[in-house]
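> In the numbering used here, the protein residues as written are -13 to 198.
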């Protein structure tokens, strides 16, 4: 008998942003698959399958295979599974293995984008929302950057590289930018400056860019 797959959004990083549904589902699962950082958010985990970035695909395949064998498997996804998450990858692997989509449930989480919008007091249903994680075609930001709306973006590379790319493509150097770094963590930092200054600053990879 086929098992069950839960694709669970774990929020931006801090445990207080976990939903009760996420906590209860992981607790009751036979196996939990996720990055070490994600799994450590949960106190009660059965049969942990932790991975680093390079192991992601292999461990996701292992998780789906365990579900095919009749187990209940929780797969953890940073933020929300449907936004720069593992949803599409898990669906593709499941299809390849013949696992019934009806036995897959997505439990949404709070994305870092949502938290950035909240921190910056942005009504984000009227913003350009873009992710460049895993993508190299950052030129897709150019058609919308001057459409009069705030742009909220997950950079694919360093924040300074995205800022420099915009400068190189004619965006004004005094354009207002807010960088939200390591949201929800104790060392969270929110920096408001100009595009030119951001291009000359260093940030970690865990950032959201808000471009006004």
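No residue lacks a Cβ here, since even glycine has one placed at the ideal position from N, Cα and C.
Are the stretch 37 to 45 and the stretch 83 to 91 touching, with three or more C-beta to C-beta distances below 8 Å?
Contact fails between the stretch 37 to 45 and the stretch 83 to 91, because fewer than three Cβ pairs, one in each stretch, are under 8 Å apart.
> Just to confirm my understanding: we take residue -1, look at its own chain, exclude 5 residues before and 5 after, and list those with CB closer than 6 Å. What are they?
Here residue -1 corresponds to residue number 13 of the chain shown, with the count starting at 1. 170 and 171, listed in sequence order.
> Comparing alpha-carbon positions, which option in 156, 164 and 8 lies nearest residue 184?
Within the chain shown, residue 184 is the residue found at index 198, counting from 1. The residue with the shortest Cα to Cα distance from residue 184 is 164.
> Is the beta carbon of residue 190 closer than 8 Å to that of residue 161?
Counting from 1 along the chain shown, the entry for residue 161 is found at position 175. Counting from 1 along the chain shown, the entry for residue 190 is found at position 204. In this structure, residue 190 does not lie closer than 8 Å to residue 161 by Cβ.
> Does the stretch 93 to 100 come close enough to the stretch 119 to 135 to have 3 or more Cβ pairs within less than 8 Å?
Cβ pair count under 8 Å is below three, so no.
> Identify whether residue 70 lies in helix, strand or coil by the three-state DSSP scheme.
As a first step, residue 70 is located in the chain shown; it is residue number 84 there, counting from the start. Residue 70: coil per DSSP, three-state reduction.
> What runs of the alpha helix (DSSP H), each 4 residues or longer, lie entirely inside the stretch 70 to 126?
Qualifying alpha helix (DSSP H) stretches, in chain order: 73 to 83 and 98 to 105.
> Between the C-alpha atoms of residue 60 and residue 53, what's the straight-line distance to the nearest angstrom?
Start at 1 with the first residue of the chain shown, and residue 60 comes out as number 74. Start at 1 with the first residue of the chain shown, and residue 53 comes out as number 67. Computed Cα separation, rounded: 9 Å.
> Only counting the same chain, and skipping five residues up and downstream in sequence, which positions put a Cβ closer than 6 Å to that of residue 94?
Residue mapping note: residue 94 aligns to position 108 of the chain shown, counting from 1. Answer for residue 94: -5 and 66, listed in chain order.
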